[in-house]
Structures are given as C-alpha cells and as structure tokens.
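Structure first, then comments.
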Amino acid sequence: MTLRRLIGRFSVDLSQMRSLRLFFNDESCTCGQLVVASRESQYKILHFHRGGLDHLAQVLHRWHSLLHNIKLTPGSEEPNLPYRHFLVCRPEVQKSEQHPEEGKPPKITPELFYGKIMNGKGQIEDDLFLRKCIFFGGLDRELRREVWPFLLHCYPYNSTYDEREVILQLRIREYEDITKRRLERMTPEQHAIFWKTIQSVIEKDVVRTDRGNPFFAGDNNYNIEIMKNILLNYAVYNPVLGYTQGMSDLLAPVLCEVKCEAEAFWCFVGLMQRAIFVCTPTDNDMDNNLSYLRELIRIMLPHFYKHLEKHVDAMELLFCHRWILLCFKREFTEAVALRMWEACWANYLTDYFHLFLCLAIIAVYADDVIAQDLNTDEMLLHFSSLAMYMDGQVILRKARGLLHQFRRLTRLPCTLAGLCQRCGPGIWDSAHRPSVECTGAHDVCEYAVHICSGFVENGVVNGIGIESGTESRIESQDRDRAPNQVTDRD
C-alpha cells in the first residue's frame with residue numbers, strides 16, 4: 001500500500017485548473033516547487049529538489065502558447081502570461097531595492113568574534129558593530145551558545161568572564177528558588193488549578209515540539225523534561241502571562257543551543273520580555289503588531305492594500321498571524337528562521353524588524369494574490385502553501401531594503417509613530433526622527449496639530465513615492481504649521 005502511494009501518478013486537466021505556479025528557490029532557477037490549484041482551492045505541491053523545474057517551465061510555456069495560439073520566435077523571452085493559468089515566480093531583489101550596506105558587514109565568525117570583538121577579559125566593547133554584522137551578515141552557528149545570551153539580555157555586553165560567572169551563579173540560585181515555589185510552596189488548591197490550566201497543556205505540547213531535532217528525538221528524552229520544567233517555572237515566574245501554546249516552539253531552539261537549564265530559562269525570559277517580537281494571540285502586543293503592519297502595507301505596498309480593501313475581513317491579516325506568533329518558525333527551515341530571529345534580536349536600526357520581514361514576504365509573493373483576486377480564505381491558503389518553500393535570503397534582503405526605505409521617509413502618519421520611538425540612532429548621533437502628522441483616525445492624538453485627510457494616496461506619503469522607488473516632492477497647500485516630531489527615547 002505504501003509502495004503504491006510512493007509510485008502513484010498525479011493527473012489533472014491543466015485547462016481546468018485555476019492556476020499553475022512555479023516557485024524557483026535557487027539562483028540558477030532549476031529547483032523549486034510546482035503548485036497546482038484547482039477551482040475549489042485545493043492545492044497540489046510537487047517538489048523539484050534536484051533540478052528540472054526549468055525544463056518543466058519550458059514545457060508549460062509551449063503548452064500555454066499552443067493553447068492560446070501564441071507564436072514563439074526562437075530565443076524569444078516568454079511573454080506576459082495570464083496569471084489565471086500560468087505564473088512563474090522567481091523571487092529576487094533588485095540592487096536598487098536593497099539596503100545600501102547590503103553585503104558589506106561581515107558574518108560573525110569565531111575568528112572575527114574572538115579576535116576583534118571580544119577582548120581578553122571577555123567584554124564586548126563595541127556591541128553596535130556586533131549587532132550590525134549579525135543584522136546584515138549573520139552569526140556562525142558555533143557562536144550561538146556564546147552570543148545568544150547577550151542578544152537576549154541574559155548578560156550585559158560589557159561584562160567580563162568573571163562577572164558573567166557571578167551572574168550565572170545568582171541566576172541558578174534564583175531559578176532553583178522558582179522551582180521550589182512550584183513544587184513545595186503551592187497549596188493543594190493552587191496546585192490543582194496550576195495543573196489544570198498550565199501543566200496539562202505544557203505536557204501535551206512539549207512531546208510534540210521539534211521531535212525531528214536530534215536534541216529532542218527519541219523516547220524518554222531528558223531534554224524534553226528540561227523543556228517542560230523551564231516552561232512550568234516560567235509560568236510561576238510570570239503568572240500574568242503564564243503559558244500559551246507556541247511558547248514551546250520558541251524555547252526549543254534556545255534550549256538546544258544554550259543547553260544549560262538555568263541559563264536557557266533566563267534567555268527565554270529575555271526573549272519573552274521582548275514583547276514587540278513575541279506575542280500571544282490575545283494580548284495587546286499582537287493587536288499593535290497587526291495595526292502597524294496594516295499601516296506599513298498601506299504606505300509601502302498600496303496595490304496590495306487596495307486588494308485587501310476589496311475583501312471582507314481581509315484587513316484582519318489572518319495569513320500572517322502565524323508568522324508573528326511563532327516568529328516565522330513554521331514558514332522557513334530552522335536555519336533560515338533562526339537567522340531571522342538573530343536579525344530581529346540584534347535590534348539594529350529598529351526593534352520591529354519582524355514586521356518588515358512580514359512586509360517582505362507580501363512584497364515578494366503577493367503578485368499572484370492580486371492577479372487572481374484571491375479572497376480572504378484563498379489568501380490564507382496561498383500563503384500557507386508557501387510555508388517552507390520561500391527563499392529566506394531573498395526575504396531578508398528585501399526586508400532590509402524596505403526598512404531602509406521606511407527610514408528615509410521624512411514624514412509619517414501618527415499611526416506609525418510608535419515604530420520610531422524605539423529605533424536607535426545606529427552610528428549616528430541622531431535617531432530616526434521623521435515628522436509625524438495626525439491622520440484624524442483617533443479621537444485623541446498627541447500629534448493633532450495638523451490633520452491631513454487622505455494622508456496616503458496612491459502610494460505617496462506627502463509627496464514621497466514608495467512603491468515605485470522614486471521620490472517627488474509635493475508641496476502641501478494647507479501646511480501652515482510645523483508637525484510634531486517623535487521624541488528620541490533611546
């Protein structure tokens with residue numbers, strides 16, 4: 001039975017399909033996926049791991065030409081094909097769309113880290129350089145055990161080896177005290193409630209988390225017990241947040257790299273304290289993230305925003321909830337997802353880089369959504385079908401480019417002012433401080449000095465072109481007072 005399924009044949013009438021999409025995921029455009037979508041929104045994904053997708057594209061191109069009586073000349077490039085039948089997606093980022101410093105800062109290797117960044121006492125004297133290199137170039141996997149505790153605020157960057165050892169011993173004792181509070185200091189009634197609302201959920205989740213990772217694989221794996229203990233202790237440490245599904249997915253990579261239970265716990269505390277990056281489905285941070293993302297789409301991807309306006313409940317952005325809740329862990333391979341985590345943890349230029357990653361995914365992969373006029377449910381299916389098949393390096397480059405475009409804006413609507421309040425200045429003396437104007441969207445607004453209706457129109461923010469990549473200054477006819485500015489809180 002299994003063998004039959006392995007050698008089975010998939011057969012459909014292509015002319016009856018709603019769409020065919022080819023997604024290339026390598027620079028040579030030979031490997032990737034063929035995604036066939038039926039009129040009932042059923043998907044079939046065929047993977048080409050060892051090349052051949054380019055040859056299939058040629059076959060489909062010839063089929064399309066015959067179907068629509070299109071004459072092909074030898075060596076001619078494929079014409080613009082109707083999206084409802086055939087779409088070739090070659091994710092790429094043009095040079096003009098990239099951050100000016102793209103490719104310049106080096107990857108943090110052991111030689112660079114121990115030779116130039118960390119001094120003989122174990123101090124990181126220039127954490128800005130470290131964070132900048134991680135943001136652009138990445139971090140060697142060998143260094144995660146050493147560097148992640150800094151990025152997650154477990155240790156100060158300027159702490160010495162000896163100081164970190166003292167901090168660790170204090171943290172171990174504090175962690176042991178939390179364990180005692182959980183095991184010995186609860187009343188029977190408290191323990192019953194804790195087991196019902198917290199422990200029973202954690203015990204179900206941990207046995208299903210990252211079991212494909214050798215660190216957690218196999219029966220009676222003690223690392224699963226450690227993960228459970230950390231999550232239980234975190235619920236005691238932070239009873240307001242407690243435990244929500246998805247936390248085990250965030251903890252697992254940290255524990256796998258850090259290994260020490262107490263140290264992994266405090267790294268996890270640091271991760272969860274970064275509420276901007278980590279959300280739960282019901283908290284205000286999730287609402288704020290979605291609100292910011294909607295506004296970023298409105299300003300920087302106006303064509304997609306217009307598409308959302310056409311469909312019921314599309315503004316809820318359901319297709320990107322999982323991206324934010326699980327920090328892209330279900331959308332990319334572990335290596336790429338952790339690369340994105342590190343770029344976010346670096347806090348270089350912005351504390352909201354995860355939103356620009358979301359924006360980049362939409363910018364790169366949403367053309368098909370607009371072309372086929374997909375509704376809300378179909379958009380969710382479309383982006384879900386891309387999970388694990390998107391080009392993470394392209395998304396990172398695109399996100400850095402979008403962040404650069406955002407930071408070049410001289411004016412912003414008040415709905416995005418919060419994005420700038422935590423943006424550090426980088427190597428400059430001044431932070432990102434654009435003028436902020438009230439859009440009139442709120443009853444009470446601290447920027448309500450000058451209300452500008454229709455702040456963004458056709459991809460233009462007060463005269464600054466976004467999506468086209470060009471800039472044109474347009475004088476406002478009724479700007480008689482200077483708008484407020486965001487204060488630098490860093």
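At position 327 of the sequence shown the residue is numbered 327 (the UniProt record's numbering), and the sequence of numbers has no breaks. All residues carry an ideal CB built from backbone N, CA and C; glycine is no exception. Computed from a predicted model, the values in this text were never measured in an experiment.
DSSP lists 33 as the beta-bridge partner residues of residue 47.
Annotation for residue 380: the continuous alpha helix (DSSP H) segment containing it runs 376–385. Per the coordinates, the alpha-carbon of residue 222 lies some 54 Å from the alpha-carbon of residue 443. Cβ contact annotation for residue 205 (same chain, cutoff 7 Å, sequence separation greater than five): 245 and 248, in chain order. Under the DSSP assignment, residue 236 falls in the alpha helix (DSSP H) whose first and last residues are 222–237.
Secondary structure note for residue 274: it is in no alpha helix (DSSP H), with a DSSP letter that is neither H nor E.
For residue 388, the closest C-alpha among the options 352, 328, 413 and 353 is that of 328. For the pair residue 419 and residue 365, the Cα-to-Cα distance works out to about 24 Å.
Nearest neighbour of residue 126 by Cα position, chosen from 117, 385 and 368, turns out to be 117. For residue 413, the enclosing beta strand (DSSP E) covers residues 411–413. Residue 403 sits away from residue 434, with the two beta carbons spaced by 7 Å or more. Within the same chain, Cβ atoms closer than 7 Å to the Cβ of residue 135 are found at 343, 346 and 348, the five residues on either side in sequence being excluded. In the three-state scheme derived from DSSP, where H, G and I count as helix and E and B as strand, residue 267 is classed as helix. In the structure shown, residue 388 adopts coil according to DSSP, grouped into three states. Cβ-Cβ distances below 6 Å link residue 123 to 158 and 160 in the same chain, with the five nearest sequence neighbours on each side left out; the list follows chain order. With a cut-off of 8 Å on Cβ pairs, the segment 173–190 is not in contact with the segment 213–227, counting fewer than three such pairs.
Contact holds between the segment 131–146 and the segment 323–342, because three or more Cβ pairs, one in each stretch, are under 8 Å apart. Here residue 193 is exposed: its Cβ has fewer than 16 other Cβ atoms, across all protein chains shown, within 10 Å. If you look at residue 21, you'll find it in the beta strand (DSSP E) that goes 19–24.
Under the three-state reduction of DSSP, residue 111 is assigned to helix. Secondary structure at residue 438: strand, using DSSP grouped into helix, strand and coil.
Rounded to whole angstroms, the separation of the alpha carbons of residue 149 and residue 171 is 13 Å.
Note that the C-beta distance between residue 254 and residue 264 is below 7 Å.
It is roughly 11 Å from the alpha-carbon of residue 317 to the alpha-carbon of residue 362. Bounds of the alpha helix (DSSP H) holding residue 190 are 188–194. Annotation for residue 121: no alpha helix (DSSP H) segment contains it, and DSSP assigns it neither H nor E.
Distance from the CA of residue 98 to the CA of residue 292, rounded to the nearest whole angstrom, comes to 22 Å. Rounded to the nearest whole angstrom, the CA to CA distance from residue 93 to residue 238 is 42 Å. In this structure, the CA atom of residue 32 is about 50 Å from the CA atom of residue 166.
In the DSSP assignment, residue 139 forms a beta bridge with 108. In this structure, the CA atom of residue 34 is about 46 Å from the CA atom of residue 437.
Distance check between residue 369 and each of 45, 314, 186 and 228 places 314 closest, using alpha-carbon atoms only.
The C-beta distance from residue 105 to residue 132 rounds to 5 Å, short enough to meet the 8 Å contact threshold. By the C-beta density criterion, residue 10 is exposed, having fewer than 16 other C-beta atoms within 10 angstroms. Listed in chain order, the non-local C-beta contacts of residue 155 below 7 Å within the same chain comprise 149, 164 and 167, local neighbours out to five positions each way being set aside.
Here the alpha carbons of residue 13 and residue 103 stand approximately 45 Å from one another.
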